[in-house]
Structures are given as C-alpha cells and as structure tokens.
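Novice: Under numbering that gives the first Met the number 0, the first residue of the sequence shown is numbered 0, with each subsequent residue one higher.
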Amino acid sequence: MNAIIEFEDVHKQFKAKKALTDVNFSIRKGEIFGLVGPSGVGKTTSIKLLTDQLKPSEGTIRVFGKSVTGNHTQLLSKMGILSDQSVLYERLSLYDNLRFLASLYDRPVSTIEDVLEHVGLASSRKTTYKHLSKGMKQRANLAAALIHAPEILILDETASLDPSAKANVHAFLRQLNEQGSTIFLTSHDMNEIESLCDRVAFMIDGTIYLCDEPAQIRSTYAAPTVTVTFADGNVETFNNSYTGMTSLRSAIESRKVQSIHSDEPSLTDIFLDVTGRKFA
Numbered sequence: 000m001n002a003i004i005e006f007e008d009v010h011k012q013f014k015a016k017k018a019l020t021d022v023n024f025s026i027r028k029g030e031i032f033g034l035v036g037p038s039g040v041g042k043t044t045s046i047k048l049l050t051d052q053l054k055p056s057e058g059t060i061r062v063f064g065k066s067v068t069g070n071h072t073q074l075l076s077k078m079g080i081l082s083d084q085s086v087l088y089e090r091l092s093l094y095d096n097l098r099f100l101a102s103l104y105d106r107p108v109s110t111i112e113d114v115l116e117h118v119g120l121a122s123s124r125k126t127t128y129k130h131l132s133k134g135m136k137q138r139a140n141l142a143a144a145l146i147h148a149p150e151i152l153i154l155d156e157t158a159s160l161d162p163s164a165k166a167n168v169h170a171f172l173r174q175l176n177e178q179g180s181t182i183f184l185t186s187h188d189m190n191e192i193e194s195l196c197d198r199v200a201f202m203i204d205g206t207i208y209l210c211d212e213p214a215q216i217r218s219t220y221a222a223p224t225v226t227v228t229f230a231d232g233n234v235e236t237f238n239n240s241y242t243g244m245t246s247l248r249s250a251i252e253s254r255k256v257q258s259i260h261s262d263e264p265s266l267t268d269i270f271l272d273v274t275g276r277k278f279a
C-alpha cells in the first residue's frame, strides 16, 4: 500500500471529553486525501496530533514509517502545514517573510517568486503582512508552507478562501500532486473534497465512519434513481432496481415522455445517510 501517513488505533482524551476514538486510516504516497466532516468533529485535533502539537492518549501515528513522537524535528522538515495559526511576521513584507523562511531551508530566492505566482500574490510581494486581507493572509501562509518544497502538504480547512483564490490554489495543488507531493486536507466543504481528493474519510464525533475513493463510496452507498418528466407535466422517479426499471420501461412504453435524467446522490447526501448527521 506504500502508506506515508498512518493513524493506528488513535484515541485522544481532553479531561472529560473524548476528542478521537479508535481512529484508523492511512494516506498513500502521492495521493490527495481528504478528512471531511462538520466543524468540531476532530479534524483539527487529528492534524495537531500528526504534527506533534498534541500527544495521543492511545495509539500510534507514523510518518514515513516513523512514530511522530520522538521524531518531531526530522519529520516536520518534510511537511508543509497550513492552519489557522500564522507563521509570518506582521511587520515584514510578504517577500521578506518568505525570503527569511527560504533561508532557513536553504532554498533559492527564485522559489519565492514561483510560489507567490501560484498562490496569486505576486503583485502583493511588497505588501506588509498585517495589511493583507484575511483571504490573502491565508494564501500567504500557504506560500510559507510550500517554500521548502515539502514531500507532504497538510491543509487544515481551506474552505474560507474566496472563490477566485480557491480555483487558483486548487489548480496549484493538483500541479504539486502531479509532481509527486502527498496532500492531506481537512474540510467541511464537500465540493472541495469531491473536486480534489483521490480518497476521503468521513469523520463524526472523533470517529471515522468510512474511508474510500469517492466513486467507490457512491457505488457502495448510493441508490441512483431515474426521473422522468412526462408530456402531461407529471414527474415520476424510479429506483435503479429490477422492479424500478420494469416500472420505468412500462411507463415509457405507455406514455409520452418529455425528458429523462438520472439522479445520483451527492457525497453530502451519502454522508447524511451513513453518519446520521447533516453536513454543515
């Protein structure tokens, strides 16, 4: 399977509250993996455990086959992390911030211009960080996460990006992935997950409900239907089963049809069906 990140029987307890319960999943080298669920279900806790900001109460987390605990410095040098915690200095320009970070990793200055271009901030290179808008600050921190060309990119909630910025960032993420980067993102935006991820895990209340490829999830859990609009204006829906298709065939043969289209539940619909929780 060539797993690059592994969560094995991970539990996390905060005093009286259990944040994670028996979490098991792995992320393969070179894939885009999404951990999805509403706010407050344990996604950010999972990221903090992965980056050694928190310690698991039970279980093991491995990166490149090594436990995160005890190998913090070595492993973090191979990760780029975008979270709600900025790593940039308020009073420095965007360019100077990135030049400082590039020097820490012995990266060439040309890297700065390339990264700024891809996150859509090339024209703001001289702007002081504190004067950037909220969305621009998030993109600036993404640039900071990418400056050392990490093997693993970790994105904790990119849903707050404005639509135009999100399109550029998503295109850049796909490009990075094609070049071999492994990307782990958490999100409460199912559209983002569907458009980017090779595999997705559903999380509710600190528990993984399922983990698979989006197409396989639809195949396993979806019950596609066919909706027919008849010439008389009536609309009927038929299940994609033997009985449903028999009824559909009979209806089409006996009545005039205006239009036919198939309906497949979205991942959001399946999430509700599998977890019993609305996705919001």
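Ideal Cβ positions, reconstructed from N, Cα and C, are used throughout, including at glycine.
Values in this document were obtained by computation on a predicted structure and should not be read as measured data.
Consult DSSP for Asp268 and reduce its assignment to one of helix, strand or coil.
Specialist: helix
Novice: Val22 bridges to which residues according to DSSP?
Specialist: Val22 pairs with Val9.
Novice: Would you kindly work out how many angstroms separate the C-alpha atoms of Thr288 and Ser249, rounded to a whole number?
Specialist: This structure gives no information on residue 288, because the portion of the chain shown stretches from 0 to 279.
Novice: Would you say Leu93 and Thr126 are within 8 Å of each other, going by their C-beta atoms?
Specialist: yes
Novice: For the segment 16-24 against the segment 207-226, are there 3 or more C-beta pairs whose distance is under 8 Å?
Specialist: yes
Novice: Which of helix, strand or coil does DSSP assign to His130?
Specialist: It is helical.
Novice: So for Arg98, helix, strand or coil by DSSP?
Specialist: helix
Novice: Report the CB separation of Gly29 from Gly179 in whole angstroms; it is logged as a contact under 8 Å.
Specialist: 6 Å
Novice: Have a look at Gln12 and Ala200 and give me their C-alpha separation to the nearest angstrom.
Specialist: 21 Å
Novice: How big is the Cα-Cα spacing for Glu191 and Ser253?
Specialist: 43 Å
Novice: Under the assumption that Leu19 contacts Gly205 (Cβ atoms under 8 Å), give the Cβ distance between them as a whole number of angstroms.
Specialist: 4 Å
Novice: Alpha carbons only, please: which of Val40, Asn1, Leu34 is nearest the one belonging to Lys17?
Specialist: Nearest in C-alpha terms to Lys17, of all of Val40, Asn1, Leu34, is Val40.
Novice: How about His169 and Ser194: do their beta carbons lie closer than 8 Å?
Specialist: yes
Novice: Could you say which of Ala142, Tyr128, Val86, Glu5 lies nearest to Asn167 if we only look at CA atoms?
Specialist: Across the set Ala142, Tyr128, Val86, Glu5, the C-alpha of Ala142 shows the shortest separation from the C-alpha of Asn167.
Novice: Within the present structure, is the beta-carbon of Tyr104 separated from the nearest heavy atom of the ligand MG by less than 7 Å?
Specialist: Looking at this structure, you won't find the ligand MG or any other ligand, since it has none at all.
Novice: Helix, strand or coil: which one does DSSP assign to Glu112?
Specialist: Of the three classes helix, strand and coil, the one that applies to Glu112 here is helix, per DSSP.
Novice: Check each candidate in Ser132, Gly64, Met202 and name the one with the smallest Cα separation from Leu34.
Specialist: Met202
Novice: Look up Leu140 in the DSSP assignment and say whether it is helix, strand or coil.
Specialist: Checking the displayed sequence, the identity of residue 140 turns out to be Asn instead of Leu. Helix, per DSSP.
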